[in-house]
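Residue numbers (the working numbering): 7 to 185.
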């Protein structure tokens, strides 16, 4: 049941974030990067729910995680195209695919295994439902919210620069945008 739920909400997340980001960009001039930041915050919330380990929230947490995960797989290729253009899209996207590989190796194989081993008994069994995985989910929540905050800080700085450039008078004394 949980695997089917994950698959369905992953697909909904891809579609939903695609439609949402396009509409926000066209109608309200909200960048896809801002939507990515919101998705990072959503993923952080999902990781916090996993850390709580509430069985009653298992399906809701699975759906939230899957929708957010799907959103990343929709937003990142669109952002790669917007930020780096079409000329080298294949190279850039191929390089960006190293991030999930490196991240899963570091965060799953190394970190999660170390946390689990620390809590497991001599036979490698974990005592408690979520206790062995809680530190991993907390670190993932911290990383995701850190990404959201960094994106927010970047967008705020970008907005301040754009506002400042609009306020600078030209040499002719006419207010105009300076790039």
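Quick reminder that beta carbons are idealized off the backbone N, C-alpha and C, glycines included.
Distance, Cα to Cα, residue i vs residue j?
i	j	result
residue 90	residue 158	20 Å
residue 167	residue 37	16 Å
residue 153	residue 40	11 Å
residue 112	residue 30	34 Å
residue 47	residue 127	34 Å
residue 118	residue 138	9 Å
residue 33	residue 14	28 Å
Among the options, which residue has its Cα nearest to the Cα of residue i?
i	options	result
residue 102	36, 41, 78	78
residue 75	156, 17, 140	17
residue 64	7, 137, 130	7
residue 110	42, 142, 156	142
Just to confirm my understanding: we take residue i, look at its own chain, exclude 5 residues before and 5 after, and list those with CB closer than 6 Å. What are they?
i	result
residue 93	none
Taking buried to mean at least 16 other C-beta atoms within 10 Å of its own C-beta, is residue i buried or exposed?
i	result
residue 23	buried
residue 19	buried
residue 114	exposed
residue 169	exposed
residue 96	exposed
Looking at the secondary structure, which residues open and close the alpha helix (DSSP H) in which residue i lies?
i	result
residue 114	Counting along the chain, residue 114 falls outside any alpha helix (DSSP H), and DSSP gives it neither H nor E.
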